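S.K.: Take a look at the following structure, please.
2 protein chains.
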Amino acid sequence: MALKNIVALVGGVGGAKLAYGLAQVLPPGQLTLIVNTGDDFSWHGLRICPDVDTIMYTLSGVVNKANGWGVANDTHHMLGMMQQYGAEGWFGVGDKDLATDLLRTEALRNGEPLTSIMSRLSKALGVLQYILPMCDAPVATMVDTVEHGEMAFQEYFVRERWQPTMRGLRLDGIEKAQISDAANEAIAAADAIIIGPSNPWLSIWPILSVPGMREAIIKRDVPRIAVTPIVGGQAVKGPTAKLMLELGYTPSAEAVAQYYSDGSLINGFVFDEVDRNLASVNKGLQTNVFNTVMQTDTDKVTLAQQVLHWLENWG
Amino acid sequence: MALKNIVALVGGVGGAKLAYGLAQVLPPGQLTLIVNTGDDFSWHGLRICPDVDTIMYTLSGVVNKANGWGVANDTHHMLGMMQQYGAEGWFGVGDKDLATDLLRTEALRNGEPLTSIMSRLSKALGVLQYILPMCDAPVATMVDTVEHGEMAFQEYFVRERWQPTMRGLRLDGIEKAQISDAANEAIAAADAIIIGPSNPWLSIWPILSVPGMREAIIKRDVPRIAVTPIVGGQAVKGPTAKLMLELGYTPSAEAVAQYYSDGSLINGFVFDEVDRNLASVNKGLQTNVFNTVMQTDTDKVTLAQQVLHWLENWG
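In structure tokens form, the structure reads like this:
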């Protein structure tokens with residue numbers, strides 16, 4: 004069957020790669036991204052949403068392709084001046100990036116929901132897909148570490164470069180959050196739901212923890228698949244494998260598949276070609292095998308095409 | 004007598020030139036600038052203080068010398084991105100400038116008085132003089148124009164390039180303002196008070212209108228002089244002469260001297276050399292004649308030396 008509405012749950016750079024591929028393949032208006040906001044934080048009075056912005060910059064084409072985040076040809080003159088004033092400068096906000104942060108912060112102060120703000124901003128940049136923050140309420144992923152106790156996410160991830168040993172995660176404010184109408188409607192109308200190759204704990208777990216989100220997904224009788232973020236026991240990028248070890252898992256695509264299939268969240272899983280041997284042994288899940296390591300834009304489009312082709316021929 | 008403490012009332016670029024000269028000549032800690040904040044405004048949630056920043060950038064040496072305001076080698080990447088979002092971009096805030104605005108806005112939101120904030124920021128940039136905002140309360144100079152009615156100052160000055168015809172001025176919020184302890188103490192300890200060659204109505208009148216300011220100055224039995232902003236009937240820079248005509252004055256240094264001497268605010272006035280003929284006819288004021296058109300840093304230092312020499316030999 005032809006797929007009209009695809010919903011993808013994504014975090015930062017890894018998810019953005021697949022989102023880019025899907026956006027190239029699907030007609031405008033048929034792709035909705037539900038994006039992690041647990042990484043969001045306030046910095047010198049600005050509200051910063053790293054994952055949402057990464058998706059918006061990626062889909063609008065302004066992204067810094069070398070980094071996978073931030074705006075192309077950006078500078079750090081504001082940050083340099085801030086350091087002249089003696090302020091700490093470990094979070095590298097770019098000058099162009101600041102425009103997003105300023106407009107968002109101003110609109111939030113005026114009472115506009117984050118969902119509405121990101122819709123306006125992404126449309127202004129020419130994005131034809133729907134970028135939905137996982138919720139409008141502020142939720143902060145807090146990382147409990149052996150070395151420093153509990154840390155704010157960006158302190159753990161950026162300042163400490165995810166080197167501390169994680170022993171737990173907590174979502175501050177999650178009890179006050181709820182799934183937005185827009186996310187609820189997109190999931191209800193979805194012909195397939197894709198969990199992107201993002202960090203299952205740092206990027207996807209916060210989304211799934213938004214009250215109403217997991218239930219809305221599970222009750223849909225459509226393909227609900229995840230694309231592995233682990234290839235050959237290693238993370239494609241970032242701390243996924245390190246974190247799995249710290250949380251007591253064996254770092255493998257199979258463990259991720261089991262993590263997601265617990266509670267019947269997913270009914271399908273994409274393994275990488277190097278893990279072809281793992282794909283056959285999974286019970287209760289439909290599986291497929293593609294090249295999931297997206298190094299070029301062509302890789303991203305190819306994976307999106309393969310995944311969509313599989314979903315179209317589901318069952 | 005040797006002068007130990009000089010207080011200068013200044014606005015933007017013209018006042019900053021004399022402030023620069025005075026700062027080169029006077030030992031550290033002997034110069035206090037009381038600076039107009041009527042131009043201050045909020046822009047996308049940021050609190051912007053153009054005159055205070057111009058003085059701080061000038062005295063710290065980071066100023067863009069070609070403009071006389073802003074930071075040297077600044078860029079406008081944030082502004083360009085904001086325009087990509089469709090936001091209006093007539094106020095040209097630079098990327099480095101943004102660091103000042105962000106730190107100031109954050110501190111104001113945390114309840115720190117503007118006087119304290121600017122003291123911290125200017126010290127961090129190595130400024131050895133005291134830069135005091137005219138008051139801590141927000142005051143907004145509102146310009147009543149024939150063409151557009153009342154306009155916020157920056158709309159009149161920057162967006163409309165001071166082309167509308169002024170028919171009146173109002174200081175919104177002035178009734179809630181009061182002279183700060185720091186300004187009061189600086190004036191009480193001053194051996195001389197200098198009104199810089201700033202726009203008497205747009206830059207100096209707001210300072211003098213702060214409750215307690217004019218009285219604090221007048222009661223001091225010390226030289227209280229103004230340096231002319233009008234040379235040969237023309238403004239050195241900006242709209243002073245145009246504005247004088249619109250307010251019913253003849254644009255001349257003499258009219259400025261009379262404006263300031265009304266109510267005995269000043270007891271001395273510096274004319275430019277081209278207005279030497281006007282200097283002799285003023286009654287009740289001590290006068291002197293110098294080259295007041297400061298084109299080079301040497302001009303600024305020379306004028307400061309001449310003014311200070313005159314004040315040292317006062318009476």
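Going down the list, the protein sequences come from chains A and B.
So in this note's numbering, the last one in the first sequence is 318, and the numbering has no gaps at all.
So in this note's numbering, the last one in the second sequence is 318, and the numbering has no gaps at all.
In this text, a Cβ means the ideal position worked out from N, Cα and C, and glycines have one as well.
This one's a predicted model, so the numbers in the text were calculated from it and none came from an experiment.
#1: When we look at the beta-carbon of residue 73 of chain B and count the other beta-carbons within 10 Å, is it buried (16 or more) or exposed?
#2: Within 10 Å of its beta-carbon, does residue 53 of chain A have 16 or more other beta-carbons around it, so buried, or fewer, so exposed?
#3: So, with DSSP's three-state summary, where would you put residue 119 of chain A?
#4: Mind pulling the chain A residues with CB within less than 7 angstroms of residue 114 of chain B?
#5: Would the beta-carbon of residue 104 of chain A fall within 7 angstroms of that of residue 58 of chain A?
#6: Measuring only the C-alpha atoms, how far is residue 5 of chain B from residue 299 of chain B?
#7: List, in order along the chain, the chain A residues whose C-beta lies closer than 8 angstroms to that of residue 109 of chain B?
#8: Taking only heavy atoms of the ligand GTP into account, decide whether any of them is closer than 6 angstroms to the Cβ of residue 214 of chain A.
#9: Given a threshold of 16 other Cβ atoms within 10 Å of its Cβ, counted over all protein chains shown, does residue 176 of chain A qualify as buried or as exposed?
#10: Going along chain B, which residues have a C-beta under 9 angstroms from residue 7 of chain A?
#11: Could you check if residue 150 of chain A is buried or exposed, using at least 16 other CB atoms within 10 Å of its CB as the buried criterion?
#12: Between which two residues does the beta strand (DSSP E) containing residue 46 of chain A stretch?
#13: Looking only at its own chain, which residues have a Cβ that is under 6 angstroms from the Cβ of residue 132 of chain A, when we skip the five neighbours before and after it?
#14: Please name the residues in the segment 66 to 91 of chain A whose beta-carbon is closer than 9 angstroms to at least one beta-carbon of chain B, in chain order.
#15: Whether or not the segment 28 to 43 of chain A and the segment 95 to 109 of chain A are in contact is what I'm after, with contact meaning three or more pairs of Cβ atoms, one per stretch, closer than 8 angstroms; do they touch?
#16: In this structure, does DSSP put residue 291 of chain A in helix, strand or coil?
#17: Once DSSP output is grouped into helix, strand and coil, what is the label at residue 3 of chain B?
#18: Using beta-carbon positions only, say whether residue 121 of chain A and residue 136 of chain A come within less than 7 angstroms of one another.
#19: In terms of DSSP beta bridges, what is residue 136 of chain B paired with?
#20: Cβ closer than 7 angstroms: which chain B residues qualify as neighbours of residue 102 of chain A?
#21: Rounded to the nearest angstrom, what separates residue 235 of chain A and residue 159 of chain A at their Cα positions?
#22: I'd like to know whether the C-beta atoms of residue 228 of chain A and residue 190 of chain A end up nearer to each other than 7 angstroms.
#23: Less than 7 angstroms separating the beta-carbons of residue 181 of chain B and residue 215 of chain B?
#24: On the three-state DSSP scale, how would you describe residue 177 of chain B?
#25: In this structure, how does DSSP classify residue 153 of chain B when only helix, strand and coil are distinguished?
#26: Of the residues that make up the segment 123 to 135 of chain B, which ones have a beta carbon closer than 7 angstroms to any beta carbon in chain D?
#27: Using a Cβ-Cβ cutoff of less than 8 angstroms, which residues in the same chain neighbour residue 47 of chain B once the five nearest sequence positions on both sides are dropped?
#28: Cβ of residue 184 of chain B less than 7 angstroms from any chain A Cβ?
#29: Report yes or no: do the segment 272 to 285 of chain B and the segment 298 to 317 of chain A share at least 3 C-beta pairs separated by less than 8 angstroms?
#30: Look at the alpha carbon of residue 309 of chain A and the alpha carbon of residue 108 of chain B, and state the distance between them as a whole number of angstroms.
#31: Please report the straight-line C-alpha distance between residue 148 of chain B and residue 161 of chain B, rounded to a whole angstrom.
#32: By the criterion of Cβ-Cβ separation under 8 angstroms, what are the contact partners of residue 105 of chain B in chain A?
#33: Would you list the one or two residues that DSSP bridges to residue 171 of chain A?
#34: Within 10 angstroms of its Cβ, does residue 257 of chain B collect 16 or more other Cβ (buried), or is it exposed?
#35: Would DSSP call residue 9 of chain B helix, strand or coil?
M.R.: Answer, in terms of the structure:
#1: For the purposes of this step, residue 73 of chain B is taken as the residue at position 70 of the second sequence. The residue in question, residue 73 of chain B, is buried, as its Cβ has 16 or more Cβ neighbours within 10 Å.
#2: Along the first sequence, one-based indexing puts residue 53 of chain A at 50. Residue 53 of chain A is buried by the Cβ-count criterion.
#3: Reading the first sequence from its first residue, position 116 is the one you call residue 119 of chain A. Reduced to three states, the DSSP call for residue 119 of chain A is helix.
#4: By one-based count along the second sequence, residue 114 of chain B stands at place 111. Going along chain A, no residue has its Cβ under 7 angstroms from residue 114 of chain B, so there is no contact; the nearest lies around 13 angstroms.
#5: Walking along the first sequence from the start, residue 104 of chain A turns up at place 101. Walking along the first sequence from the start, residue 58 of chain A turns up at place 55. No, the Cβ-Cβ distance between residue 104 of chain A and residue 58 of chain A is not below 7 angstroms.
#6: Start at 1 with the first residue of the second sequence, and residue 5 of chain B comes out as number 2. Start at 1 with the first residue of the second sequence, and residue 299 of chain B comes out as number 296. About 27 angstroms.
#7: Position 106 of the second sequence holds residue 109 of chain B. Those within 8 angstroms of residue 109 of chain B in chain A are 47, 48.
#8: What this structure holds is no ligand at all, so the ligand GTP is not there to describe.
#9: Start at 1 with the first residue of the first sequence, and residue 176 of chain A comes out as number 173. Counting Cβ neighbours within 10 Å, residue 176 of chain A comes out exposed, since fewer than 16 surround it.
#10: In the first sequence, residue 7 of chain A corresponds to position 4, counting from 1. Under a criterion of Cβ atoms nearer than 9 angstroms, no residue of chain B is adjacent to residue 7 of chain A; the nearest Cβ is some 30 angstroms distant.
#11: Along the first sequence, read from residue 1 onward, the residue named residue 150 of chain A stands at position 147. The residue is exposed, with fewer than 16 neighbouring Cβ atoms inside 10 Å.
#12: Within the first sequence, the letter at position 43 stands for residue 46 of chain A. DSSP places residue 46 of chain A inside the beta strand (DSSP E), whose first and last residues are 44 to 46.
#13: Your numbering for residue 132 of chain A matches position 129 in the first sequence. Correct list, in chain order: 26, 34, 62.
#14: For the segment 66 to 91 of chain A, the set of positions with a beta-carbon nearer than 9 angstroms to some beta-carbon of chain B reads 74, 76, 77, 78, 79, 80, 81, 82, 83, 84, 85, 86, 87, 88, 89, 90 in chain order.
#15: No, because fewer than three Cβ pairs between the segment 95 to 109 of chain A and the segment 28 to 43 of chain A fall closer than 8 angstroms, the two stretches do not touch.
#16: Here residue 291 of chain A refers to the residue found at position 288 of the first sequence. When secondary structure is reduced to three states using DSSP, residue 291 of chain A falls in the strand class.
#17: One cannot answer for residue 3 of chain B here, as it falls past the ends of chain B, which runs 4 to 318.
#18: For the purposes of this step, residue 121 of chain A is identified with residue 118 of the first sequence, where counting begins at 1. For the purposes of this step, residue 136 of chain A is identified with residue 133 of the first sequence, where counting begins at 1. In this structure, residue 136 of chain A lies closer than 7 angstroms to residue 121 of chain A by Cβ.
#19: Taking the first residue of the second sequence as 1, we reach residue 136 of chain B at position 133. Answer is B:38, bridged to residue 136 of chain B.
#20: Start at 1 with the first residue of the first sequence, and residue 102 of chain A comes out as number 99. Under the 7 angstroms cutoff, chain B gives 81, 84, 85, 88.
#21: Taking the first residue of the first sequence as 1, we reach residue 235 of chain A at position 232. Taking the first residue of the first sequence as 1, we reach residue 159 of chain A at position 156. Answer to the nearest angstrom: the Cα atoms are 26 angstroms apart.
#22: On the first sequence, residue 228 of chain A is found 225 positions in, with the first residue counted as 1. On the first sequence, residue 190 of chain A is found 187 positions in, with the first residue counted as 1. In this structure, the beta-carbon distance from residue 228 of chain A to residue 190 of chain A does not fall below 7 angstroms.
#23: Reading the second sequence from its first residue, position 178 is the one you call residue 181 of chain B. Reading the second sequence from its first residue, position 212 is the one you call residue 215 of chain B. Going by C-beta atoms, residue 181 of chain B is nearer than 7 angstroms to residue 215 of chain B.
#24: As a first step, residue 177 of chain B must be located in the second sequence, where it is residue number 174. Correct three-state label for residue 177 of chain B: helix.
#25: As a working note, residue 153 of chain B is residue 150 in the second sequence. Strand, per DSSP.
#26: The displayed structure is made up of protein chains A and B, and chain D is not among them.
#27: Taking the first residue of the second sequence as 1, we reach residue 47 of chain B at position 44. Once the five neighbours on either side are set aside, the close Cβ partners of residue 47 of chain B are 85, 90.
#28: Taking the first residue of the second sequence as position 1, residue 184 of chain B is located at position 181. Not closer than 7 angstroms to any Cβ of chain A, the Cβ of residue 184 of chain B fails to qualify, so no.
#29: The segment 272 to 285 of chain B vs the segment 298 to 317 of chain A: no contact.
#30: Translated into positions along the first sequence, residue 309 of chain A becomes position 306. Translated into positions along the second sequence, residue 108 of chain B becomes position 105. Cα atoms of residue 309 of chain A and residue 108 of chain B: separation of roughly 50 angstroms, rounded to the nearest angstrom.
#31: What you label residue 148 of chain B is simply residue 145 of the second sequence in a count that begins at 1. What you label residue 161 of chain B is simply residue 158 of the second sequence in a count that begins at 1. In this model, residue 148 of chain B and residue 161 of chain B are separated by some 14 angstroms (Cα to Cα).
#32: As a working note, residue 105 of chain B is residue 102 in the second sequence. Chain A residues near residue 105 of chain B: 47, 48, 49, 81, 85.
#33: Taking the first residue of the first sequence as 1, we reach residue 171 of chain A at position 168. Partner(s): A:147.
#34: Mapped onto the second sequence, residue 257 of chain B falls at position 254. Here residue 257 of chain B is buried: its Cβ has 16 or more other Cβ atoms, across all protein chains shown, within 10 Å.
#35: Taking the first residue of the second sequence as position 1, residue 9 of chain B is located at position 6. Residue 9 of chain B falls in the strand class under three-state DSSP.
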